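J.:
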Amino acid sequence: MKYSQWIGIFAAVVLVVASFLPWTFHPDLNKYFTGFFSENNNYGKPGKVFIVLAVVATIFFLIPRIWAKRWNLLIGALTVAFAIKSFIVFSGCYRGICPTKQIGLWIMLLAAVGVLAMALLPDMKVVEKKS
1200 MKYSQWIGIF AAVVLVVASF LPWTFHPDLN KYFTGFFSEN NNYGKPGKVF
1250 IVLAVVATIF FLIPRIWAKR WNLLIGALTV AFAIKSFIVF SGCYRGICPT
1300 KQIGLWIMLL AAVGVLAMAL LPDMKVVEKK S
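According to the working numbering, the stretch in the sequence shown is residues 1200 to 1330, in order.
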């Protein structure tokens, strides 16, 4: 795909931005949780992990070497796995109370899938060596 690298970088930036958006609303606490805030830090700060993964993925998207594209596939898979884990943790019900999913949670999940999809479709030219 011709623009897969730039779309992947855009998805990585969207992933970081989504970490600052509201992910869930908890009616019992009357608070919004984000990738950087949860009550008493119970769910951790997955936004920090997403920033690190997005920076590494962006670097690998910019390096035009086959080894970088292969490592980016691993980074994309780790990003999707962590996004699924964060989605389940943040949106899960507890003590009979189910938090309301907000747009940031969905954007985070779609951006992570976008990073992986663009890592699967690198724009690499195959050059034959003449012997």
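All residues carry an ideal CB built from backbone N, CA and C; glycine is no exception. Since this is a predicted model, take the numbers as computed values, not measurements.
1) A1316: which of V1255, V1326, E1327 and I1274 sits nearest, CA to CA?
2) Kindly indicate the opening and closing residues of the alpha helix (DSSP H) around A1247.
3) Do you know whose CA, among A1256, R1294 and G1291, lies nearest G1313's CA?
4) Opposite Y1293 in the DSSP bridges: which residues?
5) With distance defined between alpha-carbon atoms, name the residue in L1309, C1292, A1318 and F1260 nearest to T1223.
6) Report the rounded CA-to-CA distance for E1327 versus I1262, giving the unit in angstroms.
7) Taking only the alpha-carbon atoms, compute the straight-line gap between A1253 and K1329 and give it to the nearest angstrom.
8) Is F1219 buried or exposed, if buried means 16 or more other CB atoms sit within 10 Å of its CB?
9) Taking 7 Å as the limit between beta carbons, can you name the residues of its chain near D1322, skipping five residues before and five after?
10) With a threshold of 16 other CB atoms inside 10 Å of the CB of P1298, please say whether the residue is buried or exposed.
11) Considering only their Cβ atoms, is the gap separating L1214 from A1280 smaller than 8 Å?
12) So, are the CB atoms of F1232 and F1289 less than 8 Å apart?
T.: In short:
1) Position 117 of the sequence shown, counted from the first residue, corresponds to residue 1316. Closest option to A1316, Cα to Cα, is I1274.
2) Stepping through the sequence shown from its first residue, residue 1247 is reached at position 48. Position check: residue 1247 holds Lys in this sequence, whereas Ala was assumed. From DSSP, the alpha helix (DSSP H) with K1247 extends over P1245 to L1261.
3) For the purposes of this step, residue 1313 is taken as residue 114 along the sequence shown, with counting starting at 1. Ranking the options by Cα distance to G1313, first place goes to A1256.
4) The sequence position of residue 1293 within the sequence shown is 94, counting from 1. Beta-bridge analysis with DSSP links Y1293 to I1296.
5) The residue labelled residue 1223 in the question sits at position 24 within the sequence shown. Residue C1292 is the option with its Cα nearest to T1223.
6) Sequence index remark: in the sequence shown, residue 1327 carries index 128 (1-based). Sequence index remark: in the sequence shown, residue 1262 carries index 63 (1-based). If you take the alpha carbons of E1327 and I1262, they lie about 20 Å apart.
7) As a working note, residue 1253 is residue 54 in the sequence shown. As a working note, residue 1329 is residue 130 in the sequence shown. Taking the straight line joining both Cα atoms gives about 38 Å.
8) Along the sequence shown, read from residue 1 onward, the residue named residue 1219 stands at position 20. The residue is exposed, with fewer than 16 neighbouring Cβ atoms inside 10 Å.
9) For the purposes of this step, residue 1322 is taken as the residue at position 123 of the sequence shown. M1200, K1201, S1203 and Q1204, listed in sequence order.
10) Numbered from its first residue, the sequence shown carries residue 1298 at position 99. Its Cβ being crowded by 16 or more others within 10 Å, P1298 is buried.
11) Your numbering for residue 1280 matches position 81 in the sequence shown. Your numbering for residue 1214 matches position 15 in the sequence shown. In this structure, L1214 does not lie closer than 8 Å to A1280 by Cβ.
12) In the sequence shown, counting from the first residue as 1, residue 1232 sits at position 33. In the sequence shown, counting from the first residue as 1, residue 1289 sits at position 90. It is a contact, given that the beta carbons lie within the stated cut-off.
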